[in-house]
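As you go down the protein sequences, you meet chains D and B in turn.
Taken in order, the first sequence gives residues 721 to 828; the numbers are from our numbering.
Taken in order, the second sequence gives residues 15 to 136; the numbers are from our numbering.
Heads up, the beta-carbon is just placed ideally off N, CA and C, and yes, glycines get one too.
Only a predicted model underlies this, so the values are computations on that prediction, with no experimental measurement involved.
Notes follow the structure.
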Amino acid sequence: DIQMTQSPSSLSASVGDRVTITCRASQSISSSLNWYQQKPGKAPNLLIYAASILQSGVPSRFSGSGSGAEFTLTISSLQPEDLATYYCQQSYTTPSRLTFGGGTKVEI
Amino acid sequence: EEQLVESGGALVQPGGSLRLSCAASGFTFSNYWMTWVRQVPGKGLEWVANIKQVGSEKYYVDSVEGRFTVSRDNAKDSLYLQMNSLRAEDTAVYYCARILSGRPPNNWFDLWGQGTLVTVSS
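Have a look at this one:
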C-alpha cells in the first residue's frame with residue numbers, strides 16, 4: 721500500500737498566520753491527492769481535490785499544491801474557525817487500497 | 015439538500031455481527047460510487063470499502079476482507095455494510111461518503127454522513 725506521511729502531526733499558530741502542512745507519499749501518485757478538514761466532533765469535509773482544486777464553498781485562504789510524491793496544504797491567513805485536524809488522502813490506487821495520512825491537528 | 019445519514023451503530027460482542035445503513039437523499043444515488051470510511055475514536059481515518067454504481071465491483075481494505083460486505087439498494091437510495099466476525103479493533107465511527115471522479119485516477123469523497131459508532135466489546 722502507498723503510505724501517506726503528514727508533517728507536522730500538530731501545530732499551534734496565531735490568527736492571521738500562514739500555515740503550511742506537508743503530505744508525502746511513499747511513491748509517486750501524480751496529482752491524485754485530496755485534503756479534508758475535520759472539526760472536533762464532526763465528519764470530515766473536502767477542502768481540496770486533485771492536489772490543487774478548491775472544492776466549491778471552501779474559503780480561498782485554503783490552497784493546495786504539489787505533484788508526484790510531495791504535497792502541501794496552505795492556509796494563507798489562519799482564522800479561529802480553522803481549528804481542526806487536516807488529512808491528506810491518495811486516490812492513485814483507486815478503486816482499492818486508498819490511504820489517508822495520519823492527520824495534522826491545528827490549534828489556534 | 016444532498017445528505018447522507020448513517021444508522022445501525024451499536025455495542026456488539028466480539029464475534030458478533032452488525033449491519034450499518036446509509037440513507038442518501040437530494041441526489042441521484044445510483045449515479046455514484048460510494049464508500050465507507052472508519053475512524054477509531056481519537057485516531058485517524060481509514061478507508062474500508064468501495065462499491066460501484068450498480069454494485070458489480072466491490073473493494074475492501076485487507077483487514078476486513080472476508081468479514082465485511084458492502085452492498086447497495088439503488089431503489090431505496092441506500093448503502094449498507096454487513097459486518098461479521100467483529101473484533102475489538104473494528105471499534106470506530108463509520109462514515110459513508112459519496113465518491114466523485116475526475117480524470118482517472120483522480121477521485122474524492124465530496125459528501126459525508128455524520129457517522130455511526132460501532133463498539134465491539136464484551
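1) Given a cut-off of 9 Å, decide if residue 61 (chain B) and residue 75 (chain B) are closer than it, judged by their beta-carbon atoms.
2) Any C-beta of chain B sitting closer than 9 Å to the C-beta of residue 769 (chain D)?
3) Taking the straight line between their C-alpha atoms, what separation do you get for residue 821 (chain D) and residue 49 (chain B)?
4) Please report the distance separating the alpha-carbon of residue 748 (chain D) from that of residue 766 (chain D).
5) What residue range does the beta strand (DSSP E) around residue 52 (chain B) cover?
6) With H, G and I counted as helix, E and B as strand and the rest as coil, what does DSSP make of residue 124 (chain B)?
7) With DSSP run on the structure shown, which of helix, strand or coil describes residue 91 (chain B)?
8) With distance defined between alpha-carbon atoms, name the residue in B:116, B:112 and B:108 nearest to residue 54 (chain B).
9) Checking 9 Å against the spacing of the C-beta atoms, do residue 94 (chain B) and residue 815 (chain D) come in under that value?
10) Going by Cα to Cα distance, which pick from B:113, B:63 and B:35 is closest to residue 42 (chain B)?
11) Between residue 810 (chain D) and residue 818 (chain D), is the Cβ-Cβ spacing less than 9 Å?
12) Output, in chain order, the set of chain D residues within a Cβ distance shorter than 9 Å of residue 50 (chain B).
13) Does residue 82 (chain B) have its Cβ less than 9 Å from a Cβ in chain D?
14) Residue 742 (chain D) CB to nearest chain B CB: under 9 Å?
15) Which value, in whole angstroms, describes the spacing of the CA atoms of residue 128 (chain B) and residue 762 (chain D)?
16) Where do the ends of the beta strand (DSSP E) carrying residue 740 (chain D) lie?
17) Would you kindly check if the distance between the Cβ of residue 744 (chain D) and the Cβ of residue 790 (chain D) is under 9 Å?
On the basis of the data shown:
1) yes
2) yes
3) 17 Å
4) 22 Å
5) 48–53
6) strand
7) coil
8) B:108
9) no
10) B:113
11) yes
12) Those do not exist, as residue 50 (chain B) stays about 11 Å from chain D at its closest Cβ, beyond 9 Å.
13) no
14) no
15) 7 Å
16) 739–745
17) yes
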